[in-house]
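Okay, so here's the structure we're looking at.
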Amino acid sequence: MIIEPIDGGESAKRAIVPGIIAQHRGRAFHYYPELPLDATVAYHQEVALHQLRAEGVEAFSIRATSSANESEGFVILGPRDWESEALGIRAGFVGPLMVDESSPHADVFREALLARALDRLKARELTHITIRIDMEEIALLHLLERKGFVTLDAVQHWTLPLANHTNPTTDDRETAGATGVDYRPWQDTDIPALRDIAKTAYRTDRLHADPSIDASRADAAYAAWIENSCRGLDDAVFVASCGSDVMGFMTVRLNRGAERHFNRLVAKIWLVGVAEQARGQGIGRGLIRTTVDWCRSAGAAFVEVGTQLRNDAALRLYARCGFVPINSVLALRALLPTAEHHP
Numbered sequence: 002m003i004i005e006p007i008d009g010g011e012s013a014k015r016a017i018v019p020g021i022i023a024q025h026r027g028r029a030f031h032y033y034p035e036l037p038l039d040a041t042v043a044y045h046q047e048v049a050l051h052q053l054r055a056e057g058v059e060a061f062s063i064r065a066t067s068s069a070n071e072s073e074g075f076v077i078l079g080p081r082d083w084e085s086e087a088l089g090i091r092a093g094f095v096g097p098l099m100v101d102e103s104s105p106h107a108d109v110f111r112e113a114l115l116a117r118a119l120d121r122l123k124a125r126e127l128t129h130i131t132i133r134i135d136m137e138e139i140a141l142l143h144l145l146e147r148k149g150f151v152t153l154d155a156v157q158h159w160t161l162p163l164a165n166h167t168n169p170t171t172d173d174r175e176t177a178g179a180t181g182v183d184y185r186p187w188q189d190t191d192i193p194a195l196r197d198i199a200k201t202a203y204r205t206d207r208l209h210a211d212p213s214i215d216a217s218r219a220d221a222a223y224a225a226w227i228e229n230s231c232r233g234l235d236d237a238v239f240v241a242s243c244g245s246d247v248m249g250f251m252t253v254r255l256n257r258g259a260e261r262h263f264n265r266l267v268a269k270i271w272l273v274g275v276a277e278q279a280r281g282q283g284i285g286r287g288l289i290r291t292t293v294d295w296c297r298s299a300g301a302a303f304v305e306v307g308t309q310l311r312n313d314a315a316l317r318l319y320a321r322c323g324f325v326p327i328n329s330v331l332a333l334r335a336l337l338p339t340a341e342h343h344p
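Dropping the structure here:
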């Protein structure tokens with residue numbers, strides 16, 4: 002068995018084999034049957050190659066023998082710089098980890114690649130390691146559990162196809178949102194209120210589910226995240242306000258890579274937050290209506306969103322607004338010991 006570093010460029014293209022991606026249950030956009038398989042594979046390969054260009058990111062490929070013509074699996078790993086700074090931890094990631102599932106050595110490849118990734122992260126003193134996997138990656142899930150990973154959250158992803166979707170009229174209180182509320186793009190003066198809402202809006206997420214992360218640091222991370230979204234991380238941020246009171250927010254980002262590969266623009270809602278005193282008043286529905294209108298005007302074919310499976314209120318909201326479930330992913334975390342230092 003041969004494990005080799007992937008250096009980038011043509012080497013990376015040979016290692017990140019389209020045939021392996023095509024088998025992968027967590028392949029991006031596999032849940033849209035109208036999208037050609039080769040296009041979704043090419044998109045996923047482009048995302049992986051882009052990931053490899055980030056500072057500090059490494060990758061390894063695996064083959065059964067030196068005579069094998071191409072890679073039979075690969076893994077990508079590296080630091081999570083923003084989380085390290087925001088949470089005061091030494092954060093890293095693993096993934097994707099893909100192997101040729103048709104190979105009789107698939108389980109051996111998977112375990113060897115994970116071991117190499119964890120060894121590299123440990124050597125770099127990255128100790129708080131996370132990975133996201135599709136819920137159908139059962140073999141990988143069981144391997145991660147054996148290696149000390151614990152599940153932090155499960156996220157249900159939803160999509161809203163816009164071709165035949167019509168937003169409800171403002172008379173439809175059940176789906177249109179609260180009356181007397183203004184839905185508009187964010188302004189600089191909203192930032193303090195948005196940060197305050199973000200500090201209390203998330204409780205079922207992986208950061209708050211992780212006992213190794215201080216809850217106040219997790220709150221502060223979301224406050225920083227919403228400000229970053231306003232400052233350019235996302236393409237649009239919409240605010241619900243009543244007079245001078247900010248009551249909620251929703252952020253959305255356009256996936257231009259999907260547009261290049263599929264000739265269809267996909268928008269994704271990233272952050273949703275409603276002030277504690279404003280919950281249950283239809284603010285979320287109004288924000289969805291506003292965001293969907295903006296996505297349609299931007300030319301999006303689909304609007305996607307994800308929420309924790311424990312968040313019953315959000316699941317009901319997206320179903321009422323016409324979203325349909327497409328897949329589910331798990332977030333897992335392991336705590337690695339620091340590498341030993343010898344004088």
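Sequence positions in the sequence shown follow the numbering used here and run 2 to 344.
Virtual Cβ for every residue (Gly too), placed ideally from N, Cα, C.
TODO: Taking the CB atoms as reference points, tell me whether S242 and R196 lie closer together than 8 Å.
DONE: Your numbering for residue 242 matches position 241 in the sequence shown. Your numbering for residue 196 matches position 195 in the sequence shown. Not in contact: S242 and R196 (Cβ atoms no closer than 8 Å).
Task: Continuous beta strand (DSSP E) stretch holding W226: start and end - done: Your numbering for residue 226 matches position 225 in the sequence shown. Premise fails: W226 lies in the alpha helix (DSSP H), A216 to N229, not in any beta strand (DSSP E).
Task: Residues near I17 in its chain [Cβ-Cβ closer than 6 Å; skip 5 each side] - done: Indexing the sequence shown from 1 puts residue 17 at position 16. Excluding positions up to five away in sequence, the list reads Q46, A49 and F75.
Task: One or two residues paired with K14 in a DSSP bridge - done: One-based indexing of the sequence shown puts residue 14 at position 13. For K14, which the question treats as bridged, DSSP gives no partner whatsoever.
Open item on the list: How far does the alpha helix (DSSP H) with I284 in it extend, from its first residue to its last?
Closed with: Locating residue 284 in the sequence shown gives position 283, counting from the first residue. That run of the alpha helix (DSSP H) goes I284 to S298.
TODO: Ignoring anything shorter than 3 residues or poking outside the stretch 90-167, list the beta strand (DSSP E) runs there in chain order.
DONE: Runs of the beta strand (DSSP E) inside the stretch 90-167: 92-100, 129-135 and 151-162.
TODO: Hey, could you find the ends of the alpha helix (DSSP H) T201 is sitting in?
DONE: Residue 201 sits at position 200 when you count from the first residue of the sequence shown. Annotation: the continuous alpha helix (DSSP H) that includes T201 extends over I192 to A202.
Open item on the list: Check this for me: beta carbons of I134 and G93, under 8 Å apart or not?
Closed with: In the sequence shown, residue 134 corresponds to position 133, counting from 1. In the sequence shown, residue 93 corresponds to position 92, counting from 1. Going by C-beta atoms, I134 is not nearer than 8 Å to G93.
Open item on the list: What residue range does the beta strand (DSSP E) around F263 cover?
Closed with: Residue numbering aside, residue 263 sits at position 262 when the sequence shown is read from its first letter. It is not in any beta strand (DSSP E) - F263 instead sits in the alpha helix (DSSP H) that spans R257 to F263.
Task: Alpha-carbon spacing of W83 relative to Q52, whole angstroms - done: As a working mapping, residue 83 is identified with position 82 in the sequence shown. As a working mapping, residue 52 is identified with position 51 in the sequence shown. Distance between the alpha carbons of W83 and Q52: 15 Å.
- [ ] Keeping to the same chain, check which residues put their C-beta closer than 6 Å to that of I21; ignore five residues upstream and five downstream.
- [x] For the purposes of this step, residue 21 is identified with residue 20 of the sequence shown, where counting begins at 1. Excluding residues within five positions, the ones whose Cβ falls inside 6 Å are M99 and D101.
TODO: Confirm, please, whether the CB-CB distance from T128 to R91 is below 8 Å.
DONE: Locating residue 91 in the sequence shown gives position 90, counting from the first residue. Locating residue 128 in the sequence shown gives position 127, counting from the first residue. Their beta carbons are under 8 Å apart, which means R91 touches T128 by this criterion.
Open item on the list: Between T308 and A315, how many whole angstroms is the CB-CB distance? I'm expecting something under 8 Å.
Closed with: Along the sequence shown, one-based indexing puts residue 308 at 307. Along the sequence shown, one-based indexing puts residue 315 at 314. With a Cβ gap of about 4 Å, T308 and A315 count as contacting.
Task: Bounding residues of the alpha helix (DSSP H) (the contiguous stretch that carries D206) - done: Counting from 1 along the sequence shown, the entry for residue 206 is found at position 205. Note, D206: premise wrong, no alpha helix (DSSP H); not H, not E.
TODO: State the Cα-Cα distance for the pair A107 and N70, rounded to the nearest angstrom.
DONE: On the sequence shown, position 106 is the one that residue 107 refers to. On the sequence shown, position 69 is the one that residue 70 refers to. Roughly 17 Å between the two C-alpha positions.
Open item on the list: What would DSSP say about V58, mapped onto helix, strand or coil?
Closed with: Mapped onto the sequence shown, residue 58 falls at position 57. Note: V58 maps to coil in three-state DSSP.
Open item on the list: Taking 6 Å as the limit between beta carbons, can you name the residues of its chain near K269, skipping five residues before and five after?
Closed with: Along the sequence shown, read from residue 1 onward, the residue named residue 269 stands at position 268. If we look at K269 and ignore the five residues flanking it on each side, its Cβ neighbours are R254 and E305.
TODO: Answer yes or no: do L337 and A302 have a C-beta to C-beta separation smaller than 8 Å?
DONE: Sequence index remark: in the sequence shown, residue 337 carries index 336 (1-based). Sequence index remark: in the sequence shown, residue 302 carries index 301 (1-based). Here L337 is not near A302, since their CB atoms are 8 Å or more apart.
Task: Option nearest V182 by Cα separation, candidates P34, A219 and G249 - done: Translated into the one-based positions of the sequence shown, residue 182 becomes position 181. The shortest C-alpha separation from V182 is found at G249.
Task: Sheet register partners of N328 (DSSP bridge) - done: Indexing the sequence shown from 1 puts residue 328 at position 327. For N328, which the question treats as bridged, DSSP gives the partners H158.
TODO: For P37, count neighbouring C-beta atoms within 10 Å of its own C-beta (all shown protein chains included) and say buried if the count is 16 or more, exposed if not.
DONE: Sequence index remark: in the sequence shown, residue 37 carries index 36 (1-based). Result: exposed.
- [ ] Please report the residue range of the alpha helix (DSSP H) in which R185 lies.
- [x] Mapped onto the sequence shown, residue 185 falls at position 184. Run containing R185: none in the alpha helix (DSSP H); it sits in the beta strand (DSSP E), D183 to P186.
Open item on the list: Applying the 10 Å Cβ sphere with the 16-neighbour rule, what's the burial state of G149?
Closed with: Position 148 of the sequence shown holds residue 149. Exposed is the call here.
TODO: Could you check the C-alpha separation between D220 and R204 for me, to the nearest Å?
DONE: As a first step, residue 220 is located in the sequence shown; it is residue number 219 there, counting from the start. As a first step, residue 204 is located in the sequence shown; it is residue number 203 there, counting from the start. So the two alpha carbons sit approximately 9 Å from each other.
Task: Helix, strand or coil at L38 [DSSP, three-state] - done: Sequence index remark: in the sequence shown, residue 38 carries index 37 (1-based). Here L38 sits in helix by DSSP.
- [ ] Please determine, among A276, A43, L145 and L141, the residue with the shortest C-alpha to C-alpha distance to G258.
- [x] As a first step, residue 258 is located in the sequence shown; it is residue number 257 there, counting from the start. The residue among A276, A43, L145 and L141 with its C-alpha nearest the C-alpha of G258 is A43.
- [ ] Using three-state DSSP, classify R254 as helix, strand or coil.
- [x] Numbered from its first residue, the sequence shown carries residue 254 at position 253. DSSP, read as helix, strand or coil, puts R254 in strand.
Open item on the list: Taking the straight line between their C-alpha atoms, what separation do you get for I77 and P6?
Closed with: In the sequence shown, the residue the question calls residue 77 occupies position 76. In the sequence shown, the residue the question calls residue 6 occupies position 5. If I take the Cα positions, the gap works out to 10 Å.
Open item on the list: Quick test of your reading: S230 and V238, contact by CB under 8 Å. State the CB separation rounded to the nearest angstrom.
Closed with: As a working mapping, residue 230 is identified with position 229 in the sequence shown. As a working mapping, residue 238 is identified with position 237 in the sequence shown. Confirmed, Cβ separation roughly 5 Å.
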